[in-house]
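Asks: Handing you this structure, nothing more for now.
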Amino acid sequence: MQPEVEIRFTLNGRPVRTHVPPTMAVLEMVRERFALTGSKLACGEGECGACAVLLDGEPVLGCLTPAVDVDGRVLVTVEGLRHKADLAPLQKAFLMEGAVQCGFCTPGMLVAATALLAEHPHPSREQVRRGLEGNLCRCTGYVAIVEAVEDAGKR
Ligand code: FES
Ligand code: FES
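Going by our numbering, the sequence shown opens with residue 1128, and the numbers climb by one from there.
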């Protein structure tokens, strides 16, 4: 068994510390070490975006990113997108637009859209489509998701 490595980082605004095997991925770490189960394991191969998290503000795939890479950095999962006790405007827009069906893609979509809105606060439809192109949804046909992100940009 490989020895575990100590890492310290900021997780959803809180300084944390844990030990991880060198082969552990960020997705496994947040789910198993911190009980943050919002980020989903779907394909496990970097194809669907369900596992997306923000690392220093950039979206990365939790299933492919080594947990040791977050040492000294700022990690935000879907749980960290809330505004205090309330949902973020983007999360509310997803609910208002009916952009959540089974919900499995939703955490990754919210993470990708948060990064997109940070870069383009009022994105065009094309920018939304491009910003979410790494995230797959099997249920919605994408229209409601794209409209939710556009709505959030307008608020
Ligand atoms: S579970 Fe990570 S990209 Fe699909
Ligand atoms: S809502 Fe089911 S996969 Fe997107």
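Note that the Cβ used here is the ideal one computed from N, Cα and C, for glycine as well.
#1: Just list the residues that DSSP pairs VAL1227 with in beta bridges.
#2: Taking 8 angstroms as the cut-off, is the CB of GLY1165 close to at least one heavy atom of ligand 2?
#3: Starting from ALA1179 and walking both ways along the beta strand (DSSP E), at which residues does that stretch end?
#4: At a cut-off of 8 angstroms, is LEU1191 close to ligand 2 when judged by its beta-carbon and the heavy atoms of the ligand?
#5: State the Cα-Cα distance for the pair VAL1195 and LEU1263, rounded to the nearest angstrom.
#6: List the whole-angstrom C-beta distance separating ARG1144 from ARG1135, where the pair is believed to meet the contact cut-off of C-beta under 8 angstroms.
#7: Just verifying my parser: in three-state terms, what is the DSSP assignment at PHE1221?
Replies: In terms of the structure at hand:
#1: For the purposes of this step, residue 1227 is identified with residue 100 of the sequence shown, where counting begins at 1. DSSP output for VAL1227 lists no bridge partner at all.
#2: On the sequence shown, position 38 is the one that residue 1165 refers to. No - ligand 2 has no heavy atom lying nearer than 8 angstroms to the Cβ of GLY1165.
#3: Reading the sequence shown from its first residue, position 52 is the one you call residue 1179. Run containing ALA1179: 1179-1182, per the beta strand (DSSP E) assignment.
#4: Walking along the sequence shown from the start, residue 1191 turns up at place 64. The answer is no for LEU1191.
#5: Position 68 of the sequence shown, counted from the start, is the residue given in the question as residue 1195. Position 136 of the sequence shown, counted from the start, is the residue given in the question as residue 1263. Taking the straight line from one Cα to the other gives about 27 angstroms.
#6: The residue labelled residue 1144 in the question sits at position 17 within the sequence shown. The residue labelled residue 1135 in the question sits at position 8 within the sequence shown. Between ARG1144 and ARG1135 a beta carbon distance of about 5 angstroms is seen, short of the 8 angstroms cut, so the two are scored as contacting.
#7: Along the sequence shown, one-based indexing puts residue 1221 at 94. Reduced to three states, the DSSP call for PHE1221 is helix.
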